[in-house]
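Notes follow the structure.
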Amino acid sequence: MKVLKFGGKSLANGVAIQSAIQIITAEKKKGEIAVVVSARGNNTDELISMLDLAQKGEDFSASLQDFIQYHKEVLPTLSFDFEYTELFTLLNAVKIIGFFNLKIQNKAMAFGELISAKVVSALLNKKGVSSQRVDAREIFVTEGSEENPFVNWEVSASKTKAYWENNPKGNVAIVTGFIASDIDGNTTTLGRNGSNYSATLLANFLDAEEVQNWSNIDGLYTANPSYVKTATKIASLTYKEANELAQFGANILHAKTILPLIEKKIPLVIKNSFTPENSGTVINESGQGKGIKAVNVINNCALISVEGKGMLNTVGIDGRI
């Protein structure tokens, strides 16, 4: 079994979503697959923007209409009445009280992935590829604080395996990335680029042979091509090397993405959904060759240096600094 994950730009209207559907269809012919989807396009930012409008007491209805219409452009016969009603009710409540917290924000943001899974599943079914939506809140359980939840692996693995055992074989599961739920059923999220983490968790729990991360870039590069025009694509990295890049600013990787792969030695392939014929970058146990693989950059950081002889043996100096 393979797990395919598609980012938001790879699911946007037009060529992007069409290419994604073609990739899924082609991979399904090769064997069993599961698909993890992010919110389409800029949907997450748009949902947060609507929450901000509502909190300020401003009219959000036009933005909500545009949000729904964006999805209807792909498949006009697909109804989003339920999603519209739920979002309108939530946003209107925020407008009335003039406030939203993290719990409300998570509930609103979840609609990005939920609608994405609905659209992808409907398009596949239209092409004759049998699929079913999987709300990750039913299988991924988190614990800890609202601000920093972490996945309960034991419970999540058990729920995931049970779900797969009790559902029809042969269907392509379209799983919502990024979102999960706590023990009380409240919506939680897995953090920045959390859909990548969703995909590798799913691969671990289901003993997948490979994870394919489909985005809008050809793979990982020796440096950011936006800054370094001579940067070249890296053919292969070890888990450790990829994790280092993730820790220090590689946007395509979530800092926790690699961990679920290491235990079961599951390779991760980063590919471009706009040019699927390209080989991409493979992340696995062995990697390729030694030496420096890449130079990374973290933006918007400042370094402050404090020095002076008067700091030596001065009680409380660290606290004062």
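As numbered in my numbering, residues 636 to 956 make up the sequence shown, in order.
Note that the Cβ used here is the ideal one computed from N, Cα and C, for glycine as well.
Treat the numbers as computed from the prediction; the structure is a model and nothing was measured.
Distances from the CA of P803 to each of S766, E773, F785 and N828 were compared; the closest alpha carbon is that of S766.
When S793, N934, N787 and K928 are compared, the shortest CA-CA separation from T823 is found for N787. As the crow flies, the alpha-carbon of N727 is around 13 Å from that of S698. The Cβ atoms of I774 and Y798 sit closer than 8 Å to each other. The DSSP-derived three-state label of E718 is helix.
In the DSSP assignment, E845 is bridged to K637. Straight across, the Cα-Cα distance linking D953 with A937 is about 19 Å.
By the C-beta density criterion, A877 is buried, having at least 16 other C-beta atoms within 10 angstroms. The alpha-carbon separation between A870 and T916 amounts to approximately 5 Å.
When the five nearest sequence neighbours on each side are left out, the beta carbons in the same chain lying within less than 7 Å of the beta carbon of A858 are those of A866, A929 and V930, in order along the chain.
From the listed residues G820, G951, Q657 and I956, the smallest Cα separation to I939 is found for I956. Here the alpha carbons of H706 and P902 stand approximately 33 Å from one another.
Beta-bridge analysis with DSSP links L872 to I918.
With a contact defined as Cβ atoms closer than 8 Å, L855 and I905 qualify at about 6 Å. Distances from the CA of V776 to each of D819, K738, A745 and N919 were compared; the closest alpha carbon is that of D819. Per DSSP, the continuous beta strand (DSSP E) segment holding S766 begins and ends at S766 to V769. Nearest to A792 by C-alpha distance, out of L841, S816 and T892, is L841. Residue environment analysis places G733 among the exposed positions, since fewer than 16 neighbouring C-beta atoms fall within 10 angstroms of its C-beta. Just so you know, the alpha carbons of A669 and A655 end up roughly 13 Å apart. Runs of the beta strand (DSSP E) lying entirely within the region 794–844 and spanning at least 3 residues, in chain order: 807–811, 814–817 and 822–824. Where V755 is concerned, the enclosing alpha helix (DSSP H) starts and stops at L737 to K761.
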